[in-house]
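Numbering (the working numbering), first residue to last: 44 to 428.
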Amino acid sequence: MLKKIRVLFPYVEAGYGHIMPMRSIEDAFKNKYGDRVEIVSSKFFTETNDSHMIKYEKMLSNHVRLYNKLPPIGFLGSIVSDTVGVRLSTFGCMRLIGPVACKKGIEHMRELNADVVVSTHWASNYYAEHLKEKKPKTVMYCPDAQLNKLFEYRCDMNLISMPYGYLKALRKKRYNIHNIKLVPFLIRKEAFEINEDRKEIRRKLGIPEDNLTVLLAEGGYGIGKMDRVTKLLIKQHVPLTVISVCGTNEKLYKELKALKSTDEVTYVPLGFAENMLELQAASDIFCGKSGNILAESTFFGNLSIVTHFANIIERNIADHYINTVGCAIKEFSPKKTADLICGFAKDRSGLLQYREAALSYHEYFGAEKAADIIWDFIKKNYPDA
Numbered sequence: 044m045l046k047k048i049r050v051l052f053p054y055v056e057a058g059y060g061h062i063m064p065m066r067s068i069e070d071a072f073k074n075k076y077g078d079r080v081e082i083v084s085s086k087f088f089t090e091t092n093d094s095h096m097i098k099y100e101k102m103l104s105n106h107v108r109l110y111n112k113l114p115p116i117g118f119l120g121s122i123v124s125d126t127v128g129v130r131l132s133t134f135g136c137m138r139l140i141g142p143v144a145c146k147k148g149i150e151h152m153r154e155l156n157a158d159v160v161v162s163t164h165w166a167s168n169y170y171a172e173h174l175k176e177k178k179p180k181t182v183m184y185c186p187d188a189q190l191n192k193l194f195e196y197r198c199d200m201n202l203i204s205m206p207y208g209y210l211k212a213l214r215k216k217r218y219n220i221h222n223i224k225l226v227p228f229l230i231r232k233e234a235f236e237i238n239e240d241r242k243e244i245r246r247k248l249g250i251p252e253d254n255l256t257v258l259l260a261e262g263g264y265g266i267g268k269m270d271r272v273t274k275l276l277i278k279q280h281v282p283l284t285v286i287s288v289c290g291t292n293e294k295l296y297k298e299l300k301a302l303k304s305t306d307e308v309t310y311v312p313l314g315f316a317e318n319m320l321e322l323q324a325a326s327d328i329f330c331g332k333s334g335n336i337l338a339e340s341t342f343f344g345n346l347s348i349v350t351h352f353a354n355i356i357e358r359n360i361a362d363h364y365i366n367t368v369g370c371a372i373k374e375f376s377p378k379k380t381a382d383l384i385c386g387f388a389k390d391r392s393g394l395l396q397y398r399e400a401a402l403s404y405h406e407y408f409g410a411e412k413a414a415d416i417i418w419d420f421i422k423k424n425y426p427d428a
C-alpha cells in the first residue's frame with residue numbers, strides 16, 4: 044500500500060490575519076481531500092517548547108504591535124524591505140534577527156517530515172525551502188493585497204486573493220500563470236454558516252434590533268484609535284449600538300469597560316471575542332484599522348471605516364476595499380469618524396451604495412478553490428499518490 048502524502052499546515056502567530064486564513068484553508072482541504080492525504084496541523088513555533096522559537100514568534104507579534112502604536116516605523120520597515128529586495132530582507136528577518144530560532148525552525152520542519160507545506164506566513168515557508176534533503180513542495184498563500192518582499196521568497200506555488208496584487212506579480216519574471224494563482228479570500232468557513240438576518244442575530248445577542256450598530260476593533264491586539272472613537276460615540280444623543288472589541292489588550296478593555304454612555308446609546312465593551320463573525324453579521328458598520336478584518340466586514344455587506352493603517356501592506360489592503368470593491372471609507376480623524384457614523388444613524392440611505400458594493404463582491408470569498416488548486420498541485424507532483 045502506498046504511503047499517503049503528508050500535508051503540513053503550520054500556524055504562525057504574527058497577527059490574526061495569518062491564523063484565520065490558515066484555519067480556513069486547512070478546514071476546506073481536510074473536508075474535501077482529508078481522506079486521501081495525511082494532514083498535520085502544527086503550532087509551529089510553540090509545540091516543541093524551544094525557548095528560541097517561542098521568543099522569535101513573540102518578536103513577530105511584538106513587531107505587529109509596534110507598527111500599530113507607531114505607524115511611521117511600520118512604513119519605514121516596508122520601505123526598507125522594498126529597497127533592499129527579497130534576499131536581503133529575508134536574510135535579515137530570518138538569519139540576523141533570530142539565527143538560533145532559524146536553525147531550530149529548520150530542524151523542526153525536518154522533524155515534521157512533510158511532503159507538502161502550506162504556509163500563510165513567510166517564516167514557515169522559509170524553513171521548508173531550506174531543507175536540503177527531502178525538500179517538501181511548498182505552497183504559500185499571501186493574505187495581503189500584494190506580495191511584499193518576504194512573500195516573494197521562493198516557493199513552488201503562490202496563492203493570492205486580490206486582483207491587483209496578482210496582476211502586479213505576473214509582471215515579474217519569476218511569476219507566471221502556473222506558479223501563482225488568484226483565489227477567493229480565505230475567509231473562515233464559519234462565516235458561511237451564519238444565515239440569520241441582522242435583527243435575528245441582534246435579538247440573540249441581546250442588543251436593540253433597530254439601532255444603527257457599529258463594531259469597533261483594531262485586530263487581535265487592540266492598538267489604534269478605537270478608544271478615542273468609542274469615547275466620542277457613546278456621548279452622542281442618537282440611537283446607536285456601539286460594540287468595542289479590545290482583543291487581547293486587557294488594559295484597553297478595563298478602560299473602556301469603565302465608561303458610561305448616554306441613554307440613547309447601547310454600549311457593549313468586550314475583550315477577546317470568539318464570536319467576531321457573529322458580531323460582524325449583526326453590525327451595519329465596521330470601524331477600525333486596516334487589515335484582513337475588512338474582508339469579514341465586506342463578506343457581511345457592511346461599510347468599513349478605516350481609521351488608520353500601520354504600514355504599506357495595510358495601506359494596500361485598505362486601497363483594495365476603498366477603490367476596487369468600493370465598500371470602505373478612509374477617515375483618520377476620530378471626530379470626523381464619529382460625525383460620519385452619527386450622520387448614517389440619522390439617514391441610513393447613504394449606506395446603501397456601500398452595502399451593494401460589498402455584497403456584489405461576495406463570490407470572492409471562500410477556501411474551496413484554493414483547496415482544489417492545492418490538490419491539483421499535489422496530484423501533479425505526486426502522481427502515484
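C-beta: ideal position from N, C-alpha, C; glycine also.
Residue i in three-state terms, based on DSSP
{"i": "Tyr296", "result": "helix"}
{"i": "Ser167", "result": "helix"}
{"i": "Met183", "result": "strand"}
{"i": "Lys303", "result": "coil"}
{"i": "Asn219", "result": "coil"}
{"i": "Ile397", "result": "Checking the sequence, you will find Tyr at residue 397 rather than Ile. Here Tyr397 sits in helix by DSSP."}
{"i": "Glu357", "result": "helix"}
{"i": "Asn105", "result": "helix"}
{"i": "Asn201", "result": "strand"}
{"i": "Tyr425", "result": "coil"}
{"i": "Ile372", "result": "strand"}
Nonlocal neighbours in the same chain, by C-beta distance under 8 Å from residue i, ignoring five residues either side
{"i": "Ile122", "result": "Ile355"}
{"i": "Gly128", "result": "Lys192"}
{"i": "Thr367", "result": "Met205, Pro206 and Tyr207"}
{"i": "Leu402", "result": "Gly344"}
{"i": "Thr309", "result": "Ile250, Pro251, Asn254, Leu283, Thr284 and Val285"}
{"i": "Leu190", "result": "Asn201, Ile203, Gly208, Lys211 and Ala212"}
Residue i, enclosing beta strand (DSSP E) - first and last residue
{"i": "Gly331", "result": "Ile328 to Lys332"}
{"i": "Thr341", "result": "Element bounds for Thr341: not the beta strand (DSSP E) but the alpha helix (DSSP H), Ile336 to Phe342."}
{"i": "Phe52", "result": "Arg49 to Tyr54"}
{"i": "Ser347", "result": "Leu346 to His351"}
{"i": "Thr256", "result": "Leu255 to Ala260"}
{"i": "Pro272", "result": "The sequence as given places Val at residue 272; Pro does not occur at that position. Taken as a continuous stretch (DSSP letters only), Val272 belongs to no beta strand (DSSP E), being part of the alpha helix (DSSP H) at Met269 to Leu276."}
Cut-off 6 Å between Cβ atoms - residues of its own chain near residue i, not counting five sequence neighbours on either side
{"i": "Glu261", "result": "Gly267, Met269, Gly331 and Lys332"}
{"i": "Asn168", "result": "Ser162, Thr181, Met183 and Cys198"}
{"i": "Ala166", "result": "Val55"}
{"i": "Leu103", "result": "Ala57"}
{"i": "Val143", "result": "His95"}
{"i": "Ile372", "result": "Ile348"}
{"i": "Ile149", "result": "Tyr170 and His173"}
{"i": "Ala234", "result": "Leu320 and Phe342"}
Distance, residue j Cα to residue i Cα
{"i": "Lys86", "j": "Lys215", "result": "33 Å"}
{"i": "Glu411", "j": "Phe228", "result": "10 Å"}
{"i": "Tyr425", "j": "Asn74", "result": "20 Å"}
{"i": "Ile223", "j": "Val160", "result": "16 Å"}
{"i": "Ile68", "j": "Arg398", "result": "27 Å"}
{"i": "Phe88", "j": "Ala413", "result": "25 Å"}
{"i": "Tyr76", "j": "Lys46", "result": "15 Å"}
{"i": "Thr256", "j": "Asn105", "result": "31 Å"}
Close beta carbons around residue i, own chain, < 7 Å, minus the five adjacent residues each side
{"i": "Leu275", "result": "Pro377, Lys378 and Ala381"}
{"i": "Val281", "result": "Glu307, Cys385, Ala388 and Lys389"}
{"i": "Arg153", "result": "Leu174"}
{"i": "Lys242", "result": "Glu252"}
Residue span of the alpha helix (DSSP H) that contains residue i, given as start and end
{"i": "His151", "result": "Pro142 to Leu155"}
{"i": "His432", "result": "Past the boundaries of the shown model lies residue 432; the chain is included only from 44 to 428, so the question cannot be answered."}
{"i": "Leu248", "result": "Arg241 to Leu248"}
{"i": "Ala381", "result": "Pro377 to Lys389"}
{"i": "Thr133", "result": "Pro114 to Phe134"}
CB contact below 8 Å: residue i versus chain B
{"i": "Ala410", "result": "No chain B is present in this structure, which holds just one protein chain."}
| request: Say whether the stretch 311-330 touches the stretch 380-397, bearing in mind that this needs 3 or more beta-carbon pairs closer than 8 Å, one atom from each stretch. | output: The stretch 311-330 is in contact with the stretch 380-397.
| said: For the stretch 339-355 against the stretch 302-317, do three or more pairs of beta-carbon atoms, one drawn from each stretch, fall closer than 8 Å, so that the two count as touching? | reply: With a cut-off of 8 Å, the stretch 302-317 and the stretch 339-355 do not count as touching, because too few Cβ pairs lie within range.
| query | Are three or more beta carbon pairs between the stretch 235-254 and the stretch 69-83 nearer than 8 Å? | reply | Fewer than three Cβ pairs drawn from the stretch 235-254 and the stretch 69-83 lie within less than 8 Å of each other, which leaves the two stretches out of contact.
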